[in-house]
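Residue numbers for the sequence shown follow this note's numbering, so the first one is -5 and each next one is one higher.
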Amino acid sequence: MPSYSSEGMTDELAHIMVLHLGPFKHEPRHFDPDEHVESAWIPWSDLAATRITSSNSMIAIQHEALRRLLAKNSDKDKPTLFS
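Below you can see the structure in the form of structure tokens.
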């Protein structure tokens, strides 16, 4: 889902990827010595309540909020925007 991250200020085009994960398993990670990556799973309620100012992150979070709202109110037999 391409998005211009700062309208009028730059021509930077960001591509935002939204992944829907199924069952997975943990695997060892092999980072370069100067690479520092931290990741964590957090509940949706915590994420939705977090103050986020990054436009790219906001787009991904709003996408997920809309997906959840549509799924909650959808007819299971009809296609949706995100199916």
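For each residue, glycine too, the CB sits at the ideal point set by N, CA and C.
Taking residue 61 as reference, the option from 43, 50, 38 with the minimal CA-CA separation is 38.
DSSP places residue 34 in no alpha helix (DSSP H); its state is neither H nor E. The Cβ-Cβ distance between residue 59 and residue 42 falls below 8 Å.
Here the alpha carbons of residue 45 and residue 15 stand approximately 24 Å from one another.
Excluding residues up to 5 positions away in sequence, nothing lies with its Cβ nearer than 6 Å to the Cβ of residue 5 in the same chain.
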